[in-house]
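Each number in the numbering used here corresponds to the 1-based position in the sequence shown with 97 added. As structure tokens, the structure follows; a few thoughts come after it.
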Amino acid sequence: MSSLPSFMTMYSELVAVPSVSCLDPSWDTSNKAVIDKLASWFETIGFDVQVNELDAQKGKFNMLASYCPGGDTSGGLLLAGHTDTVPWDEGRWTRDPFSLTEADGKLYGLGSADMKGFFAFVLEAIRRLDLTTLTKPLRVLATADEETSMAGARELSKFANLKPDYAVIGEPTNMAPVIMHKGHTTECVRITGKSGHSSNPGAGLNAIDVMHEVIGELIKVRATLAERYQQPAFEVPYPTMNFGHIFGGDAANRICACCELHLDTRPLPGMSLEDFYALMHGSLAPLQDRFPGAIDIHSMHEPIPGYACPADSAIVQLAEQLSSAKAKPANYCTEAPFVQDLGCETIVMGPGSINQAHQPDEYITLAEIAPSQDKIEQLIRRICAA
Ligand SMILES: [Zn+2]
């Protein structure tokens, strides 16, 4: 394994290669250069590497690196992370986001915490292991487009025979286990009415009037959800629905012909998205009958379900023991619900702090590097060399 670059070299090289994902095409960048680097490093240490281009996003790639003792692909540990970053705020970074810079006991760089750096930690942990002592598969998954559509995590079934017992997603949690988070959906309700002179309401269909009724129904749905679903581990222990954006109409003396509302919902883990959509669409169905063709409701992105891993799972117990930290919920979304669909006990635990994620001058502290490397190494040993 002597040809694997040093930890700091790998870390710097991962940060140096831009892999911004953004719905704005002028920012969006392929993650191929990061995937290529990871693929070559994992091949160097004897891993079998598969790279898949996404069906949903051409030019974006997922990578799976596998070390399967005796060729047995089932079980073992999957360490997972995303290769993309958010865009950076040009005026607010005081350093070059693509140059890993050490200062004040910190390493600064875009993706240093969230989360390209995680792959350097994983490679460093593996470098210290004698791979011949592993008895169970060790795999590393690197995904694309986590920051936008989670398109990469939605295409994991393309990796044949990926059936780990346990998965750890290395998002920045200061190496404390995160075992649940809410999901996320964004819906758009568009009312198409009919314009006309304000003096004769019957000559048109006022979209704002219809929207008023729609919002009334949605507020009832919100109350029903909060009544029906509760998870006391969360600070806000019920599913939320937020009306975040509304626009419509152009002049006070015209019947408003079009009105649009954008709403964000945060479903709880264990709450099926089918139930949620059935409730929401069901509540609007009588209005859709009353105003044929006037009310359209559609999702503005693919929904992300909630996620939870039972607190008594073996992986949670092990992670709590290694980290000396109690498992807790998070208030952000991760790829965990999709990774969990592989059929494995899944937690989120990685170096760095979520407080630095998506922030200018993103950093990880030097002090947490060695302990985090140790914990990742222990995690692999306890699962794959047991
Ligand atoms: Zn992240």
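Glycine included, every Cβ here is placed at the ideal spot set by N, Cα and C. As the structure is a prediction and not an experimental result, all values here were calculated from the model.
Judged by DSSP in its simplified three-state form, Ala-239 adopts strand.
Excluding the 5 residues flanking it on each side, Leu-322 has same chain C-beta neighbours closer than 6 Å at Pro-336, in chain order.
Using a Cβ distance threshold of 9 Å, Ile-142 and Ile-266 do not count as a contacting pair. A buried status is given to Gly-403, since no fewer than 16 other beta-carbon atoms sit within 10 Å of its beta-carbon.
Taking each of Ala-257, His-455, Val-275 and Leu-161 in turn and checking the Cα distance to Ala-422, the smallest one comes out for Val-275. A heavy atom of ligand 1 is found nearer than 8 Å to the CB of Asp-211.
Taken from the Cβ of Pro-269, at least one heavy atom of ligand 1 lies inside 8 Å. Ile-412 is not a Cβ neighbour of Ala-250, given a cutoff of 9 Å.
For the set Phe-331, Thr-198, Glu-432 and Ala-433, the Cα lying nearest the Cα of Ile-461 is the one of Thr-198.
Considered as a whole, the segment 274-353 harbours 275-278, 282-289 and 337-345 as its complete beta strand (DSSP E) runs of no fewer than 3 residues, in chain order. A distance below 6 Å between beta-carbons, with the five flanking residues on each side excluded, links Phe-215 to the following residues of its chain, in chain order: Gly-178, Gly-267 and Gly-447. Assignment of Leu-111 by DSSP, reduced to helix, strand and coil, places it in the helix class. Between Met-308 and Leu-358, the gap from beta carbon to beta carbon is short of 9 Å.
For Asn-258, the secondary structure class from DSSP, reduced to helix, strand or coil, is coil. An exposed status is given to Trp-124, since fewer than 16 other beta-carbon atoms sit within 10 Å of its beta-carbon.
Excluding sequence positions up to five before and after Ser-127, its CB lies within less than 7 Å of the CB of Gly-156 and Lys-157, all in the same chain and listed in chain order. One alpha carbon belongs to Asp-393, the other to Ala-416, and they sit about 46 Å apart.
Excluding the 5 residues flanking it on each side, Ala-408 has same chain C-beta neighbours closer than 8 Å at Ile-276 and Ala-424, in chain order. DSSP lists Asn-149 as the bridge partner or partners of Asn-159. Here DSSP, grouped into helix, strand and coil, assigns Tyr-374 to helix. A distance below 8 Å between beta-carbons, with the five flanking residues on each side excluded, links Ala-304 to the following residues of its chain, in chain order: Ile-288, Thr-289, Gly-290, Gly-345, Gly-346, Cys-353, Ala-354, Cys-355, Cys-356 and Ala-391. Cβ contact annotation for Cys-165 (same chain, cutoff 6 Å, sequence separation greater than five): Pro-234, in chain order.
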